[in-house]
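Worksheet: the structure to be examined is printed underneath.
In this note's numbering, the protein residues as written are 9 to 378.
Written out as structure tokens, the structure is:
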């Protein structure tokens, strides 16, 4: 989730705790709940972003250490006089172990919400870089953000309301997860029919066998990825072997009749790029639905080279205006797109990785890092 939802959820938890609600308790809880996202301040390149973001600060082990550091705030506040607070009424009155315990629970809440996205959270670092992705929530979810914000607008809201909001942050993601699982099962059961659907070709590198009408009985797997306004609206991705078909899927409507077709990367090329460049190796581990969007023969000073553009289809939205806000720059899609220039002899000459400014920006063209 984005940091605002995490901070609001922390403030709600601070208001729900069974102590007198002074301003510093929800403020500290909001800081702790948002703190794992501090990893973005150490990112300088797109490669560092996909390797470090939702990394050690989002893991069970790293979160334990981060919680200890943030627990020092209430512990020190107890030991030092705070202006305007009577000496016999310290602001927290907590022991260090108890403050550590509360801080760790807040960080676990952050990890829980992030695991519900499709980006992936490396909860087992430093022992494993496996990414947990439950594909239940979009990065910005109004059904979480708005109730939390409205609840905090009323300073004297009953603590039972705050407990209800806390319960909502725990149960609502599970409900969305259950909806996704049910819809995927429903769509999978409808595979084995002769029905066809229309393709709007997006990749320039679709072969003649990949073009034309798609058939439901050729679909190997069905994937639902969170889109804007999940759980009512999803991104539907069909796997047809060498092709991905993508469409928006609304909860109260039948299956889409038109999909956008993307070519999968040719496996020999995809493997060679990973062998010759570190960025591609990291991207191949990171990507869920890699697509070859463009294959272009270059001229001029780059005569004889071929430029490839790849993307991960879980990013972006099937709603046009959301997609323009989220992943486009100057009218062109940019987020998590990786590019390569390959010589006539098959050698990788240069690599470029482009994403948003907050995620490292544009790496520019660089020689492969072998």
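Note that the Cβ used here is the ideal one computed from N, Cα and C, for glycine as well. These numbers come from a predicted model, not from an experiment.
Euclidean distance between Cα positions of residue i and residue j
{"i": "residue 43", "j": "residue 220", "result": "49 Å"}
{"i": "residue 328", "j": "residue 237", "result": "13 Å"}
{"i": "residue 261", "j": "residue 117", "result": "33 Å"}
{"i": "residue 263", "j": "residue 224", "result": "11 Å"}
{"i": "residue 280", "j": "residue 257", "result": "35 Å"}
{"i": "residue 222", "j": "residue 203", "result": "9 Å"}
{"i": "residue 317", "j": "residue 138", "result": "26 Å"}
{"i": "residue 34", "j": "residue 20", "result": "7 Å"}
{"i": "residue 151", "j": "residue 57", "result": "28 Å"}
{"i": "residue 235", "j": "residue 229", "result": "19 Å"}
{"i": "residue 170", "j": "residue 38", "result": "14 Å"}
{"i": "residue 334", "j": "residue 86", "result": "44 Å"}
{"i": "residue 147", "j": "residue 72", "result": "24 Å"}
{"i": "residue 358", "j": "residue 195", "result": "41 Å"}
{"i": "residue 458", "j": "residue 375", "result": "Nothing in the structure corresponds to residue 458, since the chain is present only between 9 and 378."}
{"i": "residue 46", "j": "residue 214", "result": "41 Å"}
{"i": "residue 248", "j": "residue 227", "result": "5 Å"}
{"i": "residue 391", "j": "residue 211", "result": "As displayed, the chain neither begins before 9 nor continues past 378, which places residue 391 out of reach and without an answer."}
{"i": "residue 309", "j": "residue 353", "result": "16 Å"}
{"i": "residue 173", "j": "residue 23", "result": "10 Å"}
{"i": "residue 291", "j": "residue 59", "result": "9 Å"}
{"i": "residue 123", "j": "residue 131", "result": "9 Å"}
{"i": "residue 373", "j": "residue 48", "result": "23 Å"}
{"i": "residue 312", "j": "residue 140", "result": "41 Å"}
{"i": "residue 112", "j": "residue 83", "result": "15 Å"}
{"i": "residue 136", "j": "residue 67", "result": "10 Å"}
{"i": "residue 293", "j": "residue 277", "result": "16 Å"}
{"i": "residue 176", "j": "residue 104", "result": "29 Å"}
DSSP bridge partner residues for residue i (one or two, in chain order)
{"i": "residue 319", "result": "299"}
{"i": "residue 247", "result": "229, 252"}
{"i": "residue 209", "result": "269"}
{"i": "residue 304", "result": "315"}
{"i": "residue 40", "result": "DSSP lists no partner for residue 40."}
{"i": "residue 361", "result": "346"}
{"i": "residue 242", "result": "234, 257"}
{"i": "residue 223", "result": "204"}
{"i": "residue 356", "result": "350"}
{"i": "residue 140", "result": "129"}
{"i": "residue 101", "result": "Beta-bridge pairing links residue 101 to no other residue."}
{"i": "residue 374", "result": "359"}
Residue j beta carbon less than 8 Å from that of residue i
{"i": "residue 81", "j": "residue 36", "result": "yes"}
{"i": "residue 12", "j": "residue 153", "result": "yes"}
{"i": "residue 181", "j": "residue 209", "result": "no"}
{"i": "residue 41", "j": "residue 114", "result": "yes"}
{"i": "residue 102", "j": "residue 76", "result": "no"}
{"i": "residue 54", "j": "residue 369", "result": "yes"}
{"i": "residue 62", "j": "residue 18", "result": "no"}
{"i": "residue 218", "j": "residue 251", "result": "yes"}
{"i": "residue 126", "j": "residue 233", "result": "yes"}
{"i": "residue 272", "j": "residue 296", "result": "no"}
{"i": "residue 363", "j": "residue 342", "result": "yes"}
{"i": "residue 378", "j": "residue 371", "result": "no"}
{"i": "residue 121", "j": "residue 231", "result": "no"}
Any non-hydrogen atom of the ligand NAD within 7 Å of residue i CB
{"i": "residue 218", "result": "Among the ligands in the structure shown, none appear at all, so the ligand NAD cannot be discussed."}
Quick check: the segment 348-356 against the segment 323-336, are there 3 or more CB pairs under 8 Å?
-> The answer is no - the segment 323-336 does not touch the segment 348-356, with fewer than three Cβ pairs under 8 Å.
At least 3 beta-carbon pairs within less than 8 Å: the segment 281-289 vs the segment 300-314 | no
At a cut of 8 Å, does the segment 154-162 reach the segment 261-276 through at least three beta carbon pairs?
-> The segment 154-162, when compared against the segment 261-276, does not touch it at the 8 Å Cβ threshold.
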